[in-house]
Amino acid sequence: MTEKSFILKPNTHTLENGSVTWSSPSNIALVKYWGKKQHQIPENPSISFTLDNCKTITNLTYASKDSRSGFSFDVFLDGEQKDSFKSKIETFFKRIEQYVPFLKDYHFIIKTSNTFPHSSGIASSASGMSALALCLMSIEKELSEDISEEFFKQKASFLARLGSGSACRSVEGDLIVWGSHKAIVGSSDLFGVKYPYNVHQNFKNYQDTILLVDKGEKQVSSTVGHNLMHNHPFATRRFEQAHKNMSQLMNVFENGDLDAFVNIVESEALTLHAMMMTSLPYFILMKPNTLEIINKIWSYRNTNNSKVCFTLDAGANVHVLYPENEKDSVLEFIKNELVVYCQNGQYICDQIGFGAKQLIDE
Ligand code: PMV
Numbered sequence: 054m055t056e057k058s059f060i061l062k063p064n065t066h067t068l069e070n071g072s073v074t075w076s077s078p079s080n081i082a083l084v085k086y087w088g089k090k091q092h093q094i095p096e097n098p099s100i101s102f103t104l105d106n107c108k109t110i111t112n113l114t115y116a117s118k119d120s121r122s123g124f125s126f127d128v129f130l131d132g133e134q135k136d137s138f139k140s141k142i143e144t145f146f147k148r149i150e151q152y153v154p155f156l157k158d159y160h161f162i163i164k165t166s167n168t169f170p171h172s173s174g175i176a177s178s179a180s181g182m183s184a185l186a187l188c189l190m191s192i193e194k195e196l197s198e199d200i201s202e203e204f205f206k207q208k209a210s211f212l213a214r215l216g217s218g219s220a221c222r223s224v225e226g227d228l229i230v231w232g233s234h235k236a237i238v239g240s241s242d243l244f245g246v247k248y249p250y251n252v253h254q255n256f257k258n259y260q261d262t263i264l265l266v267d268k269g270e271k272q273v274s275s276t277v278g279h280n281l282m283h284n285h286p287f288a289t290r291r292f293e294q295a296h297k298n299m300s301q302l303m304n305v306f307e308n309g310d311l312d313a314f315v316n317i318v319e320s321e322a323l324t325l326h327a328m329m330m331t332s333l334p335y336f337i338l339m340k341p342n343t344l345e346i347i348n349k350i351w352s353y354r355n356t357n358n359s360k361v362c363f364t365l366d367a368g369a370n371v372h373v374l375y376p377e378n379e380k381d382s383v384l385e386f387i388k389n390e391l392v393v394y395c396q397n398g399q400y401i402c403d404q405i406g407f408g409a410k411q412l413i414d415e
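See the structure below:
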């Protein structure tokens with residue numbers, strides 16, 4: 054597939070009006086995407102677990118209008134008008150217009166809500182952009198009935214990527230690869246694909262408890278962070294390392310080696326933050342409590358022969374990952390020893406999920 058395959062042929066007709074709703078999950082990367090080329094093309098391949106409970110639900114209503122008036126839409130978050138989201142969506146529409154040329158033919162009302170708490174520090178851009186891209190694909194499907202399910206998902210992921218890179222990994226589950234890797238057939242820089250090989254039982258229903266350490270605004274956005282990988286002194290080595298870690302994770306998924314899994318995943322998280330700390334300007338997104346939690350996890354793992362580990366995204370929150378058979382014991386550990394480091398004691402229990410779903414409008 055190339056970019057050109059996603060350009061929709063000029064429409065022969067316009068829909069009068071309609072409404073569509075999608076629910077799309079968040080995802081957590083095991084091998085991280087950090088650094089991009091033009092048009093949201095990643096510098097290295099990444100792989101993520103799709104989450105289950107943390108999701109965005111977006112309802113898109115559309116009514117035809119004269120296309121000459123340009124883009125026209127209103128956005129609501131939890132029922133309240135949210136004009137501060139408009140510029141991000143306008144940028145998204147501009148980026149994807151050549152692939153979905155019908156955007157100016159409608160006035161849209163975008164009503165969105167997240168299942169995770171407001172300003173929890175959990176990025177809603179992945180789930181949000183993916184849900185919106187899927188809604189737009191439902192319109193495309195109405196306009197051109199002959200599109201296959203595979204194309205629908207690929208193009209939804211392709212569009213979501215242009216909204217927020219990691220959003221392309223939120224369309225499907227449960228393990229998604231984005232970025233081309235020589236050993237993964239079908240992997241692409243343009244969209245996410247389901248990990249195509251056998252995955253050991255050990256990873257079934259893998260758990261992710263998200264510890265909300267700091268719910269404040271990030272000091273440095275991920276857009277700025279990605280750009281700081283240009284001219285970064287360690288960039289080339291980092292991108293090579295990501296390729297190697299992907300290859301090693303492939304072995305782990307095959308043989309179920311949880312110790313190796315822990316090493317790769319934690320190293321990836323710390324490398325991501327090491328890249329932030331060594332860019333110019335440098336910055337630190339971890340907080341003292343992030344480090345307290347990491348140390349507690351290490352000591353719990355050693356004394357209990359556990360396979361629990363952590364990963365981080367571009368923020369201070371900690372994702373605690375563990376196999377399903379440790380669910381009770383690790384939750385007990387979290388409650389007893391980690392919750393004190395969470396802002397207002399907040400954490401979210403989640404697990405691997407299977408991707409976005411269309412909801413039937415009432
Ligand atoms: O999708 P973006 O541009 O917000 O970047 C996300 C980058 C990380 O969350 C830090 C890593 C990843 O692969 O999800």
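The opening position of the sequence shown corresponds to residue 54 in my numbering, with each subsequent residue numbered one higher. Where a beta carbon is used, it is the ideal one built from N, C-alpha and C, also for glycine. Source: prediction; values computed, not measured.
For G245, the enclosing beta strand (DSSP E) stretches over residues 245–247. Remark: C-beta atoms of Q294 and T324 approach each other more closely than 8 Å. Non-local beta-carbon contacts of I162 in its own chain, meaning distances under 6 Å to residues more than five positions away in sequence, involve T114, D127 in chain order. The beta carbons of V266 and T343 sit closer together than 8 Å.
Taking a 10 Å sphere around the C-beta of K208, we find 16 or more other C-beta atoms and assign the residue as buried.
With a threshold of 7 Å, the Cβ atom of S217 counts as near ligand 1, since some heavy atom of the ligand is closer than that. The stretch 218–226 makes no contact with the stretch 138–156: fewer than 3 CB pairs, one atom from each, lie closer than 8 Å. Residue environment for V393: exposed (fewer than 16 other C-beta atoms within 10 angstroms of its C-beta). In terms of Cβ geometry, K135 and S125 do not form a close pair [threshold 8 Å].
With respect to the 8 Å criterion, P376 and D242 are not classified as neighbours on the basis of their beta carbons.
Annotated three-state conformation of L228 is strand, per DSSP. Here A184 is near T111, since their CB atoms are less than 8 Å apart. Between I100 and M299, the gap from beta carbon to beta carbon is short of 8 Å. The three-state secondary structure of T111, taken from DSSP, is strand. Note on the stretch 256–339: whole alpha helix (DSSP H) runs with a minimum of 4 residues are 275–280, 288–308, 311–330, in chain order. For F59, the CB contacts under 7 Å within the same chain, skipping 5 residues up- and downstream, are Y152, K208, F211 in chain order.
If only uninterrupted beta strand (DSSP E) runs of at least 3 residues are considered, those enclosed by the stretch 61–103 are 70–84. Within the DSSP bridge table, the entry for F363 names V373 as partners. Ranked by Cα distance from L215, the first of R291, V373, G245 is G245. Taking 8 Å as the upper bound for CB-CB distance, V230 and P98 are in contact here, some 6 Å apart. In this structure, Q254 sits away from Q404, with a CB-CB distance that is not shorter than 8 Å. Where K135 is concerned, there is no enclosing beta strand (DSSP E), because DSSP gives it neither an H nor an E. Relative to the Cα of D227, the nearest Cα in the group F306, S191, S382 belongs to F306.
Between ligand 1 and the CB of K85, the shortest heavy atom gap is smaller than 7 Å. DSSP places S125 inside the beta strand (DSSP E), whose first and last residues are 125–130. In this structure, A369 lies away from P78, with their beta-carbon atoms at least 8 Å apart. The C-alpha of L68 is placed about 9 Å away from the C-alpha of Y159. Only buried fits M182, as 16 or more other CB atoms lie within 10 angstroms of its CB.
Listed in chain order, the non-local C-beta contacts of V318 below 6 Å within the same chain comprise L83, C362, T364, local neighbours out to five positions each way being set aside. Distance from the C-beta of L325 to the nearest heavy atom of ligand 1 is below 7 Å. Listed as beta-bridge partners of H160 by DSSP are A116, S125. Relative to the non-hydrogen atoms of ligand 1, the Cβ of A184 never comes closer than 7 Å to any of them. Nearest Cα to I337 within the set I347, H326, E345: H326.
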